[in-house]
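Following: one structure in structure tokens, then a few remarks.
Protein chains: 2
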Amino acid sequence: MSILILGGGGMVGQKLARSLADHGLTGHEKSPVTLFDISFPETGAPGKQIRGSVTDPLALRRLAAARPEVIFHLASIVSGEAESDFELGWLTNMHSFWTLLEALRTEHLASGGRYRPRFVFTSSIAVFGGPYPDRIGDEFLSAPLTSYGAQKACNELMLTDFSRKGFVDGISIRLPTICVRPGKANKAASSFFSGIIREPLNGVEAILPVPDTVRHWHASPRAAVGFLRHAATMDLGQLHDRRALSMPGVSCTVAEQIEALRAIAGNNVVALIRSEPDETVQRIIEGWPRDFDTVRARKLGFAAESDFAEIIRIYLDDDLHRR
Amino acid sequence: MSILILGGGGMVGQKLARSLADHGLTGHEKSPVTLFDISFPETGAPGKQIRGSVTDPLALRRLAAARPEVIFHLASIVSGEAESDFELGWLTNMHSFWTLLEALRTEHLASGGRYRPRFVFTSSIAVFGGPYPDRIGDEFLSAPLTSYGAQKACNELMLTDFSRKGFVDGISIRLPTICVRPGKANKAASSFFSGIIREPLNGVEAILPVPDTVRHWHASPRAAVGFLRHAATMDLGQLHDRRALSMPGVSCTVAEQIEALRAIAGNNVVALIRSEPDETVQRIIEGWPRDFDTVRARKLGFAAESDFAEIIRIYLDDDLHRR
Chain V
1 MSILILGGGG MVGQKLARSL ADHGLTGHEK SPVTLFDISF PETGAPGKQI
51 RGSVTDPLAL RRLAAARPEV IFHLASIVSG EAESDFELGW LTNMHSFWTL
101 LEALRTEHLA SGGRYRPRFV FTSSIAVFGG PYPDRIGDEF LSAPLTSYGA
151 QKACNELMLT DFSRKGFVDG ISIRLPTICV RPGKANKAAS SFFSGIIREP
201 LNGVEAILPV PDTVRHWHAS PRAAVGFLRH AATMDLGQLH DRRALSMPGV
251 SCTVAEQIEA LRAIAGNNVV ALIRSEPDET VQRIIEGWPR DFDTVRARKL
301 GFAAESDFAE IIRIYLDDDL HRR
Chain R
1001 MSILILGGGG MVGQKLARSL ADHGLTGHEK SPVTLFDISF PETGAPGKQI
1051 RGSVTDPLAL RRLAAARPEV IFHLASIVSG EAESDFELGW LTNMHSFWTL
1101 LEALRTEHLA SGGRYRPRFV FTSSIAVFGG PYPDRIGDEF LSAPLTSYGA
1151 QKACNELMLT DFSRKGFVDG ISIRLPTICV RPGKANKAAS SFFSGIIREP
1201 LNGVEAILPV PDTVRHWHAS PRAAVGFLRH AATMDLGQLH DRRALSMPGV
1251 SCTVAEQIEA LRAIAGNNVV ALIRSEPDET VQRIIEGWPR DFDTVRARKL
1301 GFAAESDFAE IIRIYLDDDL HRR
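Protein sequence lines, in the order shown, are assigned to chains V and R.
Heads up: the first sequence at position 243 corresponds to 243 in the numbering used here, and the numbers run straight through without jumps.
Quick note: to get the numbering used here, add 1000 to the position in the second sequence (first position is 1).
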């Protein structure tokens, strides 16, 4: 079973590739994996690396022409960049997605309808915009407040329609904020959610830019890989024509994150978190979802952690203690 | 105030143009109106006619370069055609919409930000797909079951994002099924909703392809013109960033439609309706919304008829007795 990972050079893409190399996709066979991205880490996960951009239509057509049986689409420019560069955001995140779907439809038609790849798209909770109910249910509208969210929501609609027509067999999974991210802090407004756990555990001071009453929605990188694997192998007929769904996660406040860290690592580690309010970050975070009721996803077999302590322990196991 | 109507040759576009010629847009000035469409009726409404297709990027850029202050976008290929010709549907209904928005953004930027047109887009209740609640509220998700619905839903997302960024000042209004349509029956599955009223009132037999228990959501062409005029003149700041909304209408069963016709025109007219079940039409109609709770739109001043009898009387006044 040939597998293509778009965005295969990123954090989740690399963890997915490693998981596929270790366990295959269905558990009993090794699958040839192709990773497509603009860059890769130096000691990357196993797989055939192809360097390129999703904004290159010819590259996308070449990838489609190889007729991969499973496609994981994780590639996008991040929320902040899509917001500051309107044109680049829509081009990279939406129009390129259309180009890929069209290339796959061309292969479907050329194969006489036999080629119909499984297509797993990582959407985002950014498709939602406030005002929210206390918990966002499976029938709540997509009313994004960022270009990134609007692009993801358009892609969900396209993928559902291409799937309804039988050109591909697609599913859009809306990931929670992935926490604890290994490696360095990045410029995303959400970066501190990982930073306040990761930095202290590495003996480094971390900045907390928001009040500890802020509530947010998390899942571990390991849970994300689990979502992707399940989405690639489950029977999508169960979705009927609602092929976009919010993934399970852990809803907790920053104070609860910190208490979980204290229970696992002690007061001296927690003491490395320094509060330094940042109004810009606070304003962005205020617009974000806080909690979900993911009945559909759980019924369909998707599972995340049950509390934030588990999320921290996964970071210790999979990243910190593995180095 | 210069006005552009895309799809100005269609039934609603023509009624809108006539209303603008009679009353202006704001009630105290006559506005130059440009109508863009692939064809126009022989004795058309007043306005400068430009023949062309929305699939012609150069034509769209020319229209944008004239910097109309108000744009009504009514142009699309219909639901049935978008379903049978996948490629043409997405090209005409979605990609062309993007091309127009980009052309307007170019004018916005070239004007140093001064040009920011009001943009009224006629979306559709086809953005919704079952299973439905008894009444569809303002926070129910868009999960379309047709390509046409998916294209309209994408356009709503794009228009909201272009508006949030300040390039245009847009609103998407989801029209109910427009009834009673004057003129001849067309191939739309919804055609009979008008046909069973219009044909008998003109002394002609009409076919009813569904059981009279079928419930649906209607508004008159006069109400549609009212929605468009209100959408073009109201303060859109009230919408915050939820710029797509379902319009008010009348929810009634086919039996209630027929009883309203009987009360207005008598038994002999009703006797011209002949039941002839059509399973294909029945299956399509079963997937359609039946009722809405349009709290937001009503609060914002949009109004439709209060019962189906009123819809019939509007057909008599505006179309049948005017000929």
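Every residue gets a Cβ at the ideal spot worked out from N, C-alpha and C, and that includes glycine.
Contact annotation, residue 1077 of chain R with residue 1120 of chain R: C-beta distance approximately 19 Å; criterion of less than 8 Å not satisfied. In this structure, the straight-line span from the alpha carbon of residue 1110 of chain R to that of residue 1101 of chain R is close to 14 Å. At a beta-carbon threshold of 9 Å, the residues of chain V lying near residue 1140 of chain R are 139, 140 and 141, ordered along the chain.
In this structure, residue 211 of chain V keeps its C-beta atom at 7 Å or more from the C-beta atom of residue 278 of chain V. For residue 119 of chain V, the uninterrupted beta strand (DSSP E) segment begins and ends at 118–124. Among the CB atoms of chain R, none fall inside 7 Å of the CB of residue 298 of chain V. Boundaries of the alpha helix (DSSP H) harbouring residue 1296 of chain R: 1295–1299, taken from the DSSP string. Interface annotation, residue 1085 of chain R: not in contact with chain V, CB-CB separation never under 7 Å. In summary, residue 321 of chain V is exposed, with fewer than 16 beta-carbon neighbours lying within 10 Å of its beta-carbon over all protein chains present. Taking a cut-off of 8 Å on C-beta distances, the segment 1157–1169 of chain R does not touch the segment 167–179 of chain V, as fewer than three cross pairs fall below it. For residue 1225 of chain R, the enclosing alpha helix (DSSP H) has its first and last residue at 1221–1233. In the structure shown, residue 170 of chain V adopts extended strand secondary structure according to DSSP, grouped into three states. DSSP places residue 86 of chain V in the uninterrupted alpha helix (DSSP H) bounded by 86–90. Counting only runs that start and end inside the segment 62–108 of chain V, the alpha helix (DSSP H) elements of at least 4 residues fall at 79–84 and 86–90. At a cut-off of 7 Å between C-beta atoms, residue 64 of chain V does not count as an interface residue with respect to chain R. Segment contact: the segment 216–227 of chain V against the segment 296–312 of chain V, three or more CB-CB distances shorter than 8 Å; contact assigned.
At a cut-off of 7 Å between C-beta atoms, residue 1147 of chain R counts as an interface residue with respect to chain V.
Scanning its chain for C-beta atoms nearer than 8 Å, with the 5 sequence neighbours on each side dropped, one finds around residue 256 of chain V the residues 308, in chain order.
Nearest to residue 1023 of chain R by C-alpha distance, out of R/1229, R/1115 and R/1289, is R/1229.
In the structure shown, residue 1317 of chain R adopts helical secondary structure according to DSSP, grouped into three states.
Taking 8 Å as the cut-off between beta carbons, the residues of the segment 1107–1131 of chain R near chain V are 1129, in sequence order.
At a beta-carbon threshold of 7 Å, the residues of chain V lying near residue 1242 of chain R are 143, ordered along the chain. The beta-carbon of residue 1150 of chain R is placed less than 7 Å from the nearest beta-carbon of chain V. Using a Cβ-Cβ cut-off of 7 Å, residue 1153 of chain R counts as an interface residue toward chain V, since at least one Cβ of chain V sits closer than that to its own.
Across the set R/1032, R/1145 and R/1052, the C-alpha of R/1145 shows the shortest separation from the C-alpha of residue 163 of chain V. Under a criterion of Cβ atoms nearer than 9 Å, the residues of chain R adjacent to residue 158 of chain V are, in order, 1090, 1094, 1150 and 1154. Here residue 1288 of chain R has 1216 as same chain residues with Cβ atoms under 7 Å from its own Cβ, once five neighbours each way along the sequence are excluded.
Between the alpha carbons of residue 64 of chain V and residue 1036 of chain R lies a gap of roughly 38 Å. Here residue 213 of chain V is exposed. Its C-beta has fewer than 16 other C-beta atoms within 10 Å. With at least 16 other beta carbons inside 10 angstroms of its own, residue 1151 of chain R counts as buried. Your pair residue 46 of chain V and residue 17 of chain V checks out as a contact, with CB atoms roughly 7 Å apart and the cut at 8 Å. For the pair residue 1184 of chain R and residue 1080 of chain R, the CB atoms are not nearer than the 7 Å cut-off. In the three-state DSSP reduction, residue 1193 of chain R falls in the helix class (H, G or I). In this structure, the alpha-carbon of residue 1147 of chain R lies about 15 Å from that of residue 105 of chain V.
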